[in-house]
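In what follows, a structure is listed as structure tokens, so that the remarks can point back to it.
There are 2 protein chains.
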Amino acid sequence: MYKNQNWFKNIILTANIAEDSGIRGCIIFKPYGLEIWENIKKNLDYLLKETGHKNFYFPLLILKSLLKKEYNHIKGFAKECAIVTHSRLKLKKNQLILEEESRLKNELIIRPTSEAIIWDSFKRWIISYRDLPILLNQWSNTIRWEMRPRFFLRNSEFFLQEGHTAHSTKTEAIRHCKKILNLYKYLIEDILSIPVIKGRKTNLEKFAGAKTTYCLEAIMPDGKALQIATSHFLGKNFSRSFNVKYINKKGIYKHVWGTSWGISTRLIGAVILTHSDKYGLIIPPKIAPIQVVIIPIYNQTDSLKILEKIVSKLIIFLKKNKITFRYDNRKNYRPGWKFNEYDIQGIPIRLTIGKKEIEKGNLEVFRRDTRKRKKYKIINLKKKIMILLKKIQNNLLKKAVKKQKDLIRKVDNYQDFKQIIKTKGGIVSSHWDGSTTIEKKIKKETSASIICIPSKSYMKKKNTKNVNPINTNPINTNPINTNPINTNPINKKNGRCIYSNNSSKQRVFFAKSY
Amino acid sequence: MYKNQNWFKNIILTANIAEDSGIRGCIIFKPYGLEIWENIKKNLDYLLKETGHKNFYFPLLILKSLLKKEYNHIKGFAKECAIVTHSRLKLKKNQLILEEESRLKNELIIRPTSEAIIWDSFKRWIISYRDLPILLNQWSNTIRWEMRPRFFLRNSEFFLQEGHTAHSTKTEAIRHCKKILNLYKYLIEDILSIPVIKGRKTNLEKFAGAKTTYCLEAIMPDGKALQIATSHFLGKNFSRSFNVKYINKKGIYKHVWGTSWGISTRLIGAVILTHSDKYGLIIPPKIAPIQVVIIPIYNQTDSLKILEKIVSKLIIFLKKNKITFRYDNRKNYRPGWKFNEYDIQGIPIRLTIGKKEIEKGNLEVFRRDTRKRKKYKIINLKKKIMILLKKIQNNLLKKAVKKQKDLIRKVDNYQDFKQIIKTKGGIVSSHWDGSTTIEKKIKKETSASIICIPSKSYMKKKNTKNVNPINTNPINTNPINTNPINTNPINKKNGRCIYSNNSSKQRVFFAKSY
């Protein structure tokens, strides 16, 4: 098994994605890692704007008194806050110390999430039904103090996309939550090639301050589950705590209904875990900072010149079609060294171009996902590249779906349950009676939690009619139509709780989680 | 005089650019304000990438021990730091208090700028001459505790673009500093339509930790100067403090030479101050979130339908040419109300389209900068819009240049100097003997500091040959060729210091500053 913790860290370092900063849980994003995030961001930002959301930016620092207003919210985040208490330093005997007089009367918290400050603003902005719905989004850096930090999966500082909305009716708010969840599903499956399971969290596992947390879960190849996106129906929890009311058409004051939802740089961790092999990463073409790398093979500078004539035509084509590329004609590195580098970084397509092949009108094309080389006629190459990028994108999803299927197991006996969780990992689909006490007992005894109560159609591809896949991909290639994923339908039949033997309405998914 | 402090705040609020957050010095960016910043960012990011820079992201929090390493650097920033001291809160008797056991051994500082953490990384990354130069850039949020916060001009939290480079030779580092300064000049004059003065700071005013600070200064219509961009030659200050050495070709260890440079959301403040009139803002077309607004004038829904046929053709054209627009057919607002709203927001072009005009094949075009209305034939309209956007962009710069010229005065007598600074403001060009003591005395007596020692060609348009103006503007319109600004050549002749009467080699620029 190559996918252990060291492997994961090692691939991030060697592929030049990120590195440790010396501050626990805080990483340095290298250009390659940052561009992957920027590409994810571009795609989602487009989808959010197309569905009526606008970007705001709220302050990094939140007053402690604001954070306190929603009781469950602060209870959930109190143990992972970075707290600012002073505003000045001074040098004393060559030591840099806090200036005690600069102690703040009101401590400030670096946002662990922005519900508090946003609901404080909703209070000012919402007066009547005409102001609703408010659909806002924020891209930001966020801090949650992590006890066991891990690259991307558990960073103390990470990039967060967080949406916040306010609605006049409950139905509209819940519908919005679900709409966003489907939009995330589209992003993660069609752009990141990671299959997800759709469902909702139990009361124990839901977001601090939410009524219901809808979620997408992904299973990593090592058998651990990863919460990859969440969409929270906040009910009136925040509107009551922050006293946000609107006047309805009849002139009556009503509390608004809220939602919040987010994804983060955790997605980069999911991409790495899902799409790597023993040679390194494989980046899905739709988010690849470099989709095609071109490497000339030459002995003398003369032959390089000949090759570069062909290359320059190719580059014009790539630019025109907005395919991101790198032309690597560095002299101080040998081709084999370069091949290895791009294997690790997971560049989807590698073209090598040598004098002899050119004379025959050929070019060698290497597909990173299948690791197959093939010679193509130069005249056919252009079309081929477009097709190949699509194929790679699809193939990565297909492979991931296959791995996922093998990692979901129905279990009806608690001894088996414990055994499987311990030895095989993956997701165990079992009956549960709905009691939080039982849920906690199972978690304590097995380390497996209920990652989600799967929705009926938890793996079916959602209708993404509202989304125009051509435009949603501002960075590259043509739309990719992945096949619907339709495996492992959930058993909705009644049964008996695996722990208590009480009656149960449906199976839920247990797993150890990241 | 409409451009006082209240006016400034008021325009930001009414144009829906930003608002107060309740935390001193921290603002909420509204979508319109954020988009202006995003447009500035897109343009500069493109320019930086084209000149070989790569984007990194370093942690928000910096170890106090790192910050301490460069003495002058920390001396300069010690009094404006947000300091994180604890990582957990707890609820006690309904109060939310710090958990004392979570006190950090090493306090963390929210970056006031990132030199310290970046030079700590350079130490790991730089080994030999082959690793040089390193050209990196970062887009981030940054905190400097402001005693007298002001929207955009002095926010405690602001968005910062900061570049950091390391070079093997002094010449190369200085050349890079100057190259970046010219790139900023291009951004600010050609994209933001704000004329700038190029020069360098005195030792008293330079960046904490720099050898030389090159700067661009803009004069706001109220006569105050605004430091709008800086580029620092760091010499070996940081490479010595952080022990960053490379092995040169002869195998000898040498300290590297450094630069750092930046611009910030302060630019938004400069745009607002420079390009507003009594009706509101005027956003330069190249950074306008909405370049064209289309308002239908109709009485009945029937006539709206007829108008919308014309409008839809127009919209296709605007999209094709990447002109950003809004079609405002809201029924609950009257045209006059809308006109006023777009006047305040400074949308460059307003098109009104009524049934009667359409029958004559006409459309009314309103130019926000000149406030002139004109009827155009619909068939000529498309070309006209492109030309008009260029004209508006140029005109805004021309107007600003004119205002600037009127605000620079040569003065050779200290009594006059004091009088002019006090009553008229603006920039006073006077001789100075180079002594920091005198500089401080003048500052104390008049509140005017030396904003810059202007370079020989301080107002001349720099050669921007390396820059392709078509591509540098990813967001809109054709390249705009502004006329070279060539006014007020500096008097390089020797003279006598206005304060000490000692000999002086050149005039310098004094002003009260933001």
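So the protein lines, in turn, are chains A and B. Numbered by the numbering used here, the letters in the first sequence go through residues 1 to 514 in order. Numbered by the numbering used here, the letters in the second sequence go through residues 515 to 1028 in order. Backbone N, C-alpha and C fix where the C-beta goes; we use that ideal spot for every residue, glycine too. Since we're looking at a predicted model, the values are computed, not measured.
- Legend: CB atoms of the stretch 325-350 of chain A lying less than 7 Å from CB atoms of chain B are not found in any residue.
- Taking a Cβ-Cβ cut-off of 9 Å, residue 73(A) has no neighbours in chain B, whose nearest Cβ is about 11 Å from it.
- Between residue 829(B) and residue 903(B), the alpha-carbon positions lie close to 16 Å from each other.
- Restricting attention to 82(A), 241(A) and 293(A), the CA atom closest to the CA of residue 338(A) is found in 293(A).
- Residue pairing from DSSP places residue 739(B) in a beta bridge opposite 733(B) and 1027(B).
- Of the residues assessed, residue 359(A) falls on the exposed side of the cut-off, its CB having fewer than 16 other CB atoms within 10 angstroms.
- Counting the other CB atoms within 10 Å of its CB gives residue 734(B) a total of 16 or more, which places it among the buried residues.
- Residues 58 and 164 of the same chain have their beta carbon placed closer than 7 Å to that of residue 118(A), with the five preceding and five following residues left out of the count.
- In its chain, beyond the 5 residues on either side, 1008 have a beta carbon closer than 7 Å to the beta carbon of residue 1019(B).
- Judged by DSSP secondary structure, residue 323(A) falls outside any beta strand (DSSP E); it is assigned neither H nor E.
- Residues are counted here when their Cβ sits less than 9 Å from a Cβ of chain B; for the stretch 158-172 of chain A these are 159, given in chain order.
- Counting along the chain, residue 930(B) sits inside the alpha helix (DSSP H) bounded by residues 928-937.
- Residue pairing by DSSP places residue 1008(B) opposite no residue, since no beta bridge is assigned to it.
- Nearest in C-alpha terms to residue 726(B), of all of 711(B), 643(B) and 692(B), is 692(B).
- The residue from 61(A), 228(A) and 261(A) with its alpha-carbon nearest to that of residue 173(A) is 261(A).
- Between the beta-carbon of residue 202(A) and that of residue 439(A) there is about 6 Å, and that keeps the pair under the 8 Å contact cut.
- Linking residue 794(B) to residue 804(B) through their CA atoms gives a straight-line distance of about 15 Å.
- In the DSSP assignment, residue 182(A) falls outside any beta strand (DSSP E) and lies within the alpha helix (DSSP H) extending over 170-186.
- For residue 598(B), the nearest CB of chain A lies under 9 Å from its own CB, placing it at the interface with that chain.
- A contact between stretches requires three or more CB pairs, one per stretch, nearer than 8 Å, and the stretch 247-255 of chain A fails this requirement with the stretch 303-310 of chain A.
- Take residue 683(B), set aside five residues on each side of it, and the residues of its chain with a beta-carbon closer than 7 Å to its own are 771, in chain order.
- In the DSSP assignment, residue 897(B) falls within the alpha helix (DSSP H) that extends over 892-920.
- With contacts defined by Cβ atoms closer than 9 Å, residue 112(A) and residue 152(A) do not form a contacting pair.
- Distance from the CA atom of residue 139(A) to the CA atom of residue 268(A), rounded to whole angstroms, is 16 Å.
- Look at the beta carbons and you see the stretch 35-44 of chain A touching the stretch 181-198 of chain A: at least three pairs across the two are nearer than 8 Å.
- Contact between the stretch 603-612 of chain B and the stretch 634-646 of chain B is absent: fewer than three C-beta pairs spanning the two stretches fall below 8 Å.
- In this structure, residue 154(A) sits away from residue 162(A), with a CB-CB distance that is not shorter than 9 Å.
- Separation of residue 373(A) and residue 313(A) (C-alpha to C-alpha, rounded to the nearest whole angstrom) is 22 Å.
- Less than 9 Å separates the beta-carbon of residue 674(B) from that of residue 778(B).
- At a cut-off of 9 Å between beta carbons, residue 380(A) makes no contact with chain B.
- Pairwise C-beta distances place the stretch 52-69 of chain A in contact with the stretch 543-550 of chain B, as three or more of them are shorter than 8 Å.
- For residue 757(B), no CB of chain A lies under 9 Å from its own CB, so it is not counted at the interface with that chain.
- Residue 857(B) is classed as buried because its beta carbon has at least 16 other beta carbons within 10 Å across all chains shown.
- If you draw a straight line from the Cα of residue 919(B) to the Cα of residue 931(B), it is about 18 Å long.
- Residue pairing by DSSP places residue 259(A) opposite 165(A) and 233(A) in a beta bridge.
- Excluding the 5 residues flanking it on each side, residue 126(A) has same chain C-beta neighbours closer than 8 Å at 132, 134, 166, 244, 245, 246 and 256, in chain order.
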